[in-house]
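Since the structure comes first, as structure tokens, the remarks are kept for the end.
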Amino acid sequence: MRKLTLRILSLCMAILMAACLTACGAPETPEPEPIEVPKEYARHVSPWELDVAQDAIDNQTMEFYFMSDLGSTQPGKWGDACLVVFPNGETMLIDSGKTDLGKLMVWNLKRMGIEKLDYVLITHHHDDHCYGLMYGGILNEFEIGQFYHNEVYLSGYSDPQFMDKAIAAKGIPSQTLKAGDKLSFGEVQMEVLWPKPEDVGITVSNNELNDYSMVMRFDYKDTSALFTGDIFVKVEEELVDMYGDKLDVDLLKIPHHGAMSSSSELFANTVTPKVAVATGYQAMAAQLYARYTATGSKVYLDFCDGYVHVTSDGTDMTWETSRERSTTAYDDYEYKG
3 MRKLTLRILS LCMAILMAAC LTACGAPETP EPEPIEVPKE YARHVSPWEL DVAQDAIDNQ
63 TMEFYFMSDL GSTQPGKWGD ACLVVFPNGE TMLIDSGKTD LGKLMVWNLK RMGIEKLDYV
123 LITHHHDDHC YGLMYGGILN EFEIGQFYHN EVYLSGYSDP QFMDKAIAAK GIPSQTLKAG
183 DKLSFGEVQM EVLWPKPEDV GITVSNNELN DYSMVMRFDY KDTSALFTGD IFVKVEEELV
243 DMYGDKLDVD LLKIPHHGAM SSSSELFANT VTPKVAVATG YQAMAAQLYA RYTATGSKVY
303 LDFCDGYVHV TSDGTDMTWE TSRERSTTAY DDYEYKG
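Every number in my numbering is 2 more than the matching position in the sequence shown, counting from 1.
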């Protein structure tokens, strides 16, 4: 009888505890502590403070976060940098800007939940594309799973292979990419369109280096994006001859920061993006801007629109900026072709 009473009491206690847990709910995972950003960067960090990898997984989206220093941490051109987040949660940093932009990006990436960059891709070895990685803290602050570059070196550096050596010293796997190479990141495919295979390993002058920038096309289901580094008009024309309609994409990273050296009418009319983004420069000539808008593109410039965030759900693209544009000069320009 005593044993039966104990069993009944034990059963009652178990039922009572289960009811309590049901009513109160399971213990919640505590929210992560907010990242405390140093005062000199606090006004300039990106507006997105979230776990971008988990967000992409949950929504099955491909995310493009075009970085900007809002013209605040250094004068003049600060370079290109874009964080790409794939639907499987993997991350790729395409270029890293100048040193000071890299310092700001360390805080941006931490605020976006980044502890590891699965891939880092440098389109070419100019300081406004790679110094943020090398000297801005990104290389030391984050684990990097894989490094990609074009292995075209700049003769102006005292050691043209300085970046290769730093990557190797960290034990990071490195791969050279060239036209024809194809990679997959879950459901996303990337094809390298430029430079040519025969250019791998060469050393060129400062004025020549831009035209060896890596050019890549990304495809996620029915949407596409084209990253162009700093190619000039001559290479744009070669790409149109080589690839034609393959250059027709939804999202374009405008060549060479929107400078006059690039964005020929032929190129703009071939690519016809829904949205085009220029980063890291002071201004874009109204005529070049209008070449893209004449094809139906929405054009965003980080020096007046701030950070630009583009989302692909595989069917369509949406976008937002970190600030409202305060000038109508570009949209008021009358394009004459």
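Note that CB positions come from ideal geometry on N, CA and C, so glycine has one too. Since the model is a prediction, treat every value here as computed from it, not as a measurement.
Through-space distance from Val108 to Leu141, alpha-carbon basis: To locate residue 141, count along the sequence shown from 1; it is residue 139. To locate residue 108, count along the sequence shown from 1; it is residue 106. Straight-line Cα distance between these residues: approximately 10 Å.
Span of the alpha helix (DSSP H) around Glu293: The residue given as residue 293 occupies position 291 in the sequence shown. In the sequence under discussion, the amino acid at residue 293 is Arg, which differs from the Glu named in the question. Unbroken alpha helix (DSSP H) run through Arg293: 288 to 295.
Range covered by the alpha helix (DSSP H) that runs through Trp109: Here residue 109 corresponds to residue number 107 of the sequence shown, with the count starting at 1. Element bounds for Trp109: 101 to 113.
Beta-bridge partners of Gln191, as assigned by DSSP: In the sequence shown, the residue the question calls residue 191 occupies position 189. Answer is Ser186, Asp221, bridged to Gln191.
C-alpha gap between Gly316 and Pro89, whole angstroms: Within the sequence shown, numbered from 1, the residue matching residue 316 stands at position 314. Within the sequence shown, numbered from 1, the residue matching residue 89 stands at position 87. The straight-line gap from Cα to Cα measures roughly 10 Å.
Alpha-carbon spacing of Thr323 relative to Ala285, whole angstroms: Taking the sequence shown and counting its residues from 1, one reaches residue 323 at position 321. Taking the sequence shown and counting its residues from 1, one reaches residue 285 at position 283. Whole-angstrom Cα-Cα distance: 17 Å.
Beta-carbon spacing of Tyr309, Ser48 below 9 Å: Within the sequence shown, residue 309 is the residue found at index 307, counting from 1. Within the sequence shown, residue 48 is the residue found at index 46, counting from 1. A contact, by the Cβ cut-off of 9 Å.
Sub-9 Å separation of His131 and Gly231 beta-carbons: As a working note, residue 131 is residue 129 in the sequence shown. As a working note, residue 231 is residue 229 in the sequence shown. In contact: His131 and Gly231 (Cβ atoms closer than 9 Å).
Segment contact, 8 Å Cβ cut-off, at least three pairs: the region 222 to 242 with the region 162 to 169: Contact between the region 222 to 242 and the region 162 to 169 is absent, with fewer than three C-beta pairs closer than 8 Å.
8 Å contact criterion, which Lys248 and Arg219 should meet: CB distance rounded: In the sequence shown, residue 248 corresponds to position 246, counting from 1. In the sequence shown, residue 219 corresponds to position 217, counting from 1. Sure, about 7 Å apart at Cβ, within 8 Å.
Boundaries of the beta strand (DSSP E) in which Tyr337 is found, first to last residue: Mapped onto the sequence shown, residue 337 falls at position 335. Premise fails: Tyr337 is in no beta strand (DSSP E) and is neither H nor E.
Leu241 versus Val54 - alpha carbon distance: Position 239 of the sequence shown, counted from the start, is the residue given in the question as residue 241. Position 52 of the sequence shown, counted from the start, is the residue given in the question as residue 54. Each residue's alpha carbon lies about 33 Å from the other.
Test item: CB-CB of Gln289 and Tyr335 under 9 Å: Here residue 289 refers to the residue found at position 287 when the sequence shown is read from its first residue. Here residue 335 refers to the residue found at position 333 when the sequence shown is read from its first residue. Yes, the Cβ-Cβ distance between Gln289 and Tyr335 is below 9 Å.
Close beta carbons around Phe234, own chain, < 8 Å, minus the five adjacent residues each side: Residue 234 sits at position 232 when you count from the first residue of the sequence shown. For Phe234, where only same-chain residues beyond five positions count, the Cβ hits under 8 Å are Asn212, Asp213, Pro257, His258, Ser263, Ser264.
Sequence-distant residues of the same chain with beta carbon closer than 8 Å to Leu268, five excluded per side: On the sequence shown, position 266 is the one that residue 268 refers to. So the list reads Glu238, Glu239, Val242, once near-sequence residues are dropped.
Cβ-Cβ separation, Thr297 to Phe229 (assumed contact under 8 Å), whole Å: Indexing the sequence shown from 1 puts residue 229 at position 227. Indexing the sequence shown from 1 puts residue 297 at position 295. Actually they are not in contact, since the Cβ atoms of Phe229 and Thr297 sit about 19 Å apart, beyond 8 Å.
Three-state class that DSSP yields for Lys118 in the structure shown: Within the sequence shown, residue 118 is the residue found at index 116, counting from 1. In the structure shown, Lys118 sits in a strand (DSSP, three-state: E or B).
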